Each structure stands twice: as C-alpha cells, then as structure tokens.
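Protein chains in written order, with my numbering: chain A, 46 to 244; chain B, 46 to 244. A quick write-up on the structure given underneath.
Number of protein chains: 2
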Amino acid sequence: MNKKQMQSEQTKKRVADAARSLFALKGYKATSIEDIVAATGSSKGNIYYHFKSKEGLFLYLLDEWDREWEENWEKKQWQYQTMKEKLFGIAEQLALEDLNHPLTRAADEFFHLEEKSNEVEERIKVIYQNHFQFFETFIQRGIDQGEFKPVNAKYLAIALESLFVGLNQMSRTASSEDVGKIYQSAVQAFLYGMAKESD
Amino acid sequence: MNKKQMQSEQTKKRVADAARSLFALKGYKATSIEDIVAATGSSKGNIYYHFKSKEGLFLYLLDEWDREWEENWEKKQWQYQTMKEKLFGIAEQLALEDLNHPLTRAADEFFHLEEKSNEVEERIKVIYQNHFQFFETFIQRGIDQGEFKPVNAKYLAIALESLFVGLNQMSRTASSEDVGKIYQSAVQAFLYGMAKESD
DNA sequence: TATGATACAGAATGAACGTTCAGTATAAAA
DNA sequence: TTTTATACTGAACGTTCATTCTGTATCATA
Chain A
46 MNKKQMQSEQ TKKRVADAAR SLFALKGYKA TSIEDIVAAT GSSKGNIYYH
96 FKSKEGLFLY LLDEWDREWE ENWEKKQWQY QTMKEKLFGI AEQLALEDLN
146 HPLTRAADEF FHLEEKSNEV EERIKVIYQN HFQFFETFIQ RGIDQGEFKP
196 VNAKYLAIAL ESLFVGLNQM SRTASSEDVG KIYQSAVQAF LYGMAKESD
Chain B
46 MNKKQMQSEQ TKKRVADAAR SLFALKGYKA TSIEDIVAAT GSSKGNIYYH
96 FKSKEGLFLY LLDEWDREWE ENWEKKQWQY QTMKEKLFGI AEQLALEDLN
146 HPLTRAADEF FHLEEKSNEV EERIKVIYQN HFQFFETFIQ RGIDQGEFKP
196 VNAKYLAIAL ESLFVGLNQM SRTASSEDVG KIYQSAVQAF LYGMAKESD
C-alpha cells in the first residue's frame with residue numbers, strides 16, 4: 046500500500062472515530078458536520094470526499110458495528126451448550142451493548158428519522174432482515190434439536206427481534222442494575238412462559 | 046359557554062385535527078407550522094396562541110390518544126374472562142392500533158428525537174411509567190388470581206411494554222396480514238414459552 | 001356605549017446546516 | 001522532470017423553520 050493510501054485510510058478512520066464519539070454524545074441530528082470538522086481538524090470537503098454524505102457516514106459506522114457484533118458472538122457462543130443457554134447469552138450481550146455501545150442512542154434516532162432517502166430506507170430494511178434471519182435460523186435449530194416447541198420460526202423471530210429492540214429502548218429509562226434483570230426476565234418469560242399451566 | 050369560547054374551541058380542534066393528519070402523513074419533523082397554517086386557514090400566530098409550541102401541540106395530541114386508548118380498553122376488556130385472554134385482547138387492540146392509528150409513526154419519531162426540551166423528556170417518561178404501571182397491576186392481578194407464575198411483576202411489566210414497543214416498530218416492515226400473527230405469536234410465547242419442557 | 005380581554009393575522013427575525021465547488025497541495029506514475 | 005490522479009481546503013450557497021412581535025378585529029362585560 047502507498048504512503049498516500051495509508052494516510053488516506055488513517056484520516057478516514059480518524060473521521061469515523063470522531064464522528065462515532067460525537068454521535069454518541071449528542072445524537073445524530075444534533076451532531077453537525079461542523080462539529081466533526083472541529084473535532085478532527087479535517088475540512089468539510091474532505092469529509093465529503095471520504096463519505097458520500099452525513100447519512101453515508103452514519104451507515105458506515107453502523108456496518109462496522111454489525112460486523113463487530115457478529116464477530117463477538119461467534120467467539121462467545123461456544124461457551125454455551127444448549128440453545129436456551131445461548132439465548133440467555135445473546136440477551137446478556139445485547140444488554141451490555143445497550144448500556145455501553147456508543148451508537149445505540151444515535152442509531153435509534155437515525156432509524157426513526159422520517160426524512161430518509163430511499164437508499165437509506167432500503168439499507169435499514171436489510172439490517173433488520175439480517176436480524177430476523179439470524180433469529181429464525183437460531184429458533185429453527187432449537188426446534189430441530191428438540192429444545193423448542195414446533196413454533197412458527199418466522200413469526201417468532203420477528204417477535205424476538207421486536208422484544209430486543211423494545212428492551213433496548215426501555216433500558217434507557219431504567220437504572221443500569223435493573224437492565225440485566227429486565228433482559229433476563231424477558232427471556233425467561235419467552236422461554237418458559239409466564240402462565241402457570243401450559244396447554 | 047360563550048359564542049366566542051365555542052368558536053375558540055372549534056378552531057383549536059380544527060388545528061388539532063389538521064395537525065394530526067399532517068403528522069401522520071409526513072411525520073413530525075417534516076410537518077411545518079406553515080403546513081398546518083395552509084391546511085387550516087388559521088394563522089401562525091393563532092396556532093401559537095392556542096398551543097405553546099410545536100412540541101406542545103404534539104403532546105396535546107398524544108394526551109388525547111392515551112385517553113381514547115384507555116376508554117376503549119375499559120369498554121372492551123369485559124368481553125374477556127381470564128387474564129390470559131385479556132392479554133391476547135390487549136395485543137389485538139395494539140396490533141390494530143399500530144396498523145391504523147395515524148400517530149404511531151410520528152410518535153415514534155417524536156420519542157426518538159434528541160433535541161427535546163427537558164419538559165418534554167419528563168412528559169415522555171411519565172407516559173412510559175403509566176404503561177409500566179398498567180402492565181404491572183395487570184400481571185399482579187394475574188398472579189393473585191393464580192393464572193400467572195409468581196414472577197417479578199415489575200421487571201416483567203417493563204419486558205411486556207418493551208415487547209409491544211418493539212412489535213409496533215417491526216410491524217411497519219411487515220405486511221399487514223402478518224402483523225396480527227406476529228403479535229399473537231409473541232404473546233403466545235410470552236404466556237406459554239417457546240421451550241419444550243418448563244422447569 | 002366604552003372598556004377590556006380574547007382571538008386572530010402575517011410579516012420579520014434569526015439561526016442552523018448539509019452540500020457544493022473552484023481551487024490548492026501532495027505524491028505516484030510516466 | 002512533467003503529468004496526472006488523489007487528497008484536501010474552506011468560503012459560499014441555498015434552504016428550511018420555529019418562534020416572536022406588533023398590530024387588528026371581535027365579542028363579553030361594566
């Protein structure tokens with residue numbers, strides 16, 4: 046790789062890192078390009094040279110995040126035996142992430158912005174669909190291995206993703222000790238039900 | 046009531062109705078006061094005379110909505126016998142609402158905006174806390190009547206609210222026939238669990 | 001009828017921000 | 001060394017909007 050290419054990559058990373066921190070601190074909308082300029086020393090034009098737009102910059106950060114998540118999970122999942130344990134493991138990882146990952150808040154805001162370009166709307170759909178897919182294969186595996194009831198994996202995958210999306214949001218009003226408990230209670234209920242006798 | 050007061054109330058209602066439609070159509074941010082002016086024939090000044098601010102106008106609509114929801118549920122809940130049935134009933138009403146109520150999308154956007162005044166932040170917290178309270182008493186009643194396991198009602202109430210909040214969001218990417226099924230699957234799992242043997 | 005409050009009008013304000021673009025510096029390629 | 005592509009600069013542009021403010025009309029009240 047060239048000296049120039051390396052420098053270019055460095056500045057791109059520098060911008061991305063600063064942007065992530067700022068988005069985390071102030072939210073998506075409230076973070077202006079000007080802010081990022083001030084934080085990096087790069088110019089506006091340069092940011093637009095490396096990233097197509099503010100939206101594009103944010104999507105870049107989201108992609109990075111998703112990649113990291115999957116890597117982490119791949120490493121971690123082998124410490125659990127059963128699918129049930131794995132589900133609790135997922136819950137734990139998500140709970141920690143909701144509390145700690147810098148982009149959760151901003152991502153939430155970003156997903157709910159109404160003035161999104163169609164391209165962005167598509168990208169978000171793809172992100173969700175990947176999550177659905179992840180849970181669907183997960184549930185299906187649990188069924189095949191005899192751990193789960195023969196439920197409709199497709200619908201339940203969406204329900205599960207919904208649960209975690211909702212928990213993510215609620216976790217912001219709760220105290221941080223409670224967050225773990227809430228996640229656990231939710232998964233507990235999802236696995237074993239809150240009703241007394243199962244029919 | 047005066048003729049003047051009646052007129053005043055009428056215009057307030059006219060503005061509220063138009064605003065609701067516009068927010069539903071274009072979202073919160075994308076609906077400008079100018080839009081509402083154009084739709085009502087009222088002036089900017091008049092809108093600010095009746096409502097403290099754009100936020101205030103939206104909160105007014107949210108309050109109306111919550112009132113209506115509770116009224117509807119009060120009427121409807123008597124048609125169900127057990128708490129389990131009632132929970133399915135709640136899910137059904139929420140699913141229908143997510144599909145049909147004009148403000149669901151805009152409310153989502155509004156809740157996730159980062160540039161909220163502290164006052165608004167407080168109001169939103171109160172709204173959520175009311176929902177938690179609702180579910181907590183609901184679950185507690187189920188426990189007392191022997192229908193539910195002796196779970197931690199507080200945590201599970203938050204989990205339930207989370208589930209419905211998440212479902213609400215997911216329901217937008219799904220086809221409208223699926224939405225009902227997804228809600229049902231979710232409640233089914235929450236009540237009876239997806240795991241095969243309960244411990 | 002005179003007075004005061006309420007309801008309404010709409011121009012003016014003022015700030016915020018994403019994006020573009022014409023131009024410059026740097027380093028790789030020829 | 002000359003040429004060319006890449007990396008970078010920052011001023012200027014254009015647009016959007018919520019809110020305020022001064023003034024006026026309308027109706028209730030005294």
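Note that CB positions come from ideal geometry on N, CA and C, so glycine has one too. Because the structure is a prediction, the values reported are computed rather than measured.
Helix, strand or coil: which one does DSSP assign to residue i?
i	result
A/Phe-193	strand
A/Ala-75	coil
A/Asp-244	Annotation note: pLDDT 46 at A/Asp-244 (below 50); position unreliable, no value reported.
B/Gly-238	coil
B/Met-51	helix
Under 7 Å Cβ to Cβ from residue i, same chain only, skipping five residues before and after it: list those, please.
i	result
A/Asp-244	Reliability fails at A/Asp-244, whose pLDDT of 46 lies under 50, so the model's placement of it is uncertain and no value is given.
A/Arg-186	Met-128
A/Thr-85	Arg-59, Val-60 and Ala-63
B/Leu-236	Lys-129 and Leu-132
Buried or exposed for residue i, going by 16 or more other Cβ atoms inside 10 Å?
i	result
A/Ala-298	Outside the displayed range of chain A (46 to 244) lies residue 298 of chain A, so it cannot be described from this structure.
B/Arg-112	exposed
A/Leu-132	buried
B/Asn-175	exposed
B/Met-239	buried
A/Gly-191	exposed
A/Met-128	buried
B/Asp-153	buried
A/Gly-211	buried
B/Gly-90	exposed
Looking only at its chain, what residues have a beta carbon closer than 8 Å to the beta carbon of residue i, apart from the 5 residues adjacent to it on each side?
i	result
B/Val-196	Ile-184 and Ile-188
B/Leu-106	Ala-61, Ala-64, Arg-65, Phe-68 and Leu-148
A/Leu-104	Val-165 and Arg-168
B/Lys-99	Ile-78
B/Lys-71	Asp-80
B/Asn-117	Gln-138
B/Asp-108	none
Excluding the 5 residues flanking residue i on each side, which residues of the same chain have their C-beta closer than 6 Å to its C-beta?
i	result
B/Ile-135	none
A/Ala-140	Val-224, Gly-225 and Tyr-228
A/Asp-143	Thr-149, Asn-213 and Ser-216
A/Ser-53	none
### Message
Any C-beta of chain A within less than 7 Å: which residues of the segment 159-174 of chain B qualify?
### Response
Glu-159, Glu-160, Lys-170 and Tyr-173
#### Entry: Uninterrupted alpha helix (DSSP H) stretches inside the segment 135-219 of chain A (no shorter than 4 residues)
149-157, 163-189 and 198-215
### Any alpha helix (DSSP H) of 4 or more consecutive residues that is wholly inside the segment 77-137 of chain B
78-85, 89-95 and 99-121
### Query
Relative to chain A, which residues along the segment 229-240 of chain B have a C-beta separation below 7 Å, given in chain order?
Ser-230, Ala-231, Ala-234, Phe-235, Leu-236, Tyr-237, Gly-238, Met-239 and Ala-240
### Query
Any residues in the segment 84-106 of chain A with a beta carbon nearer than 8 Å to a beta carbon of chain B? Which ones, in chain order?
none
### Message
Which residues of the segment 111-130 of chain A have a Cβ closer than 7 Å to any Cβ of chain B? Give them in chain order.
### Response
Lys-129
### Message
Output needed in chain order: residues of the segment 207-223 of chain B with a Cβ under 9 Å from some Cβ in chain A.
### Response
Ser-207, Leu-208, Phe-209, Val-210, Gly-211, Leu-212, Asn-213, Gln-214, Met-215, Ser-216, Thr-218, Ala-219 and Asp-223
### Query
What residues in the segment 137-157 of chain B bring their beta carbon closer than 9 Å to a beta carbon of chain A?
Arg-150, Ala-151, Asp-153, Glu-154, Phe-155, Phe-156 and His-157
### Residues in the segment 190-201 of chain A having any Cβ partner in chain B nearer than 8 Å
Gly-191, Glu-192, Phe-193, Lys-194, Val-196, Asn-197, Tyr-200 and Leu-201
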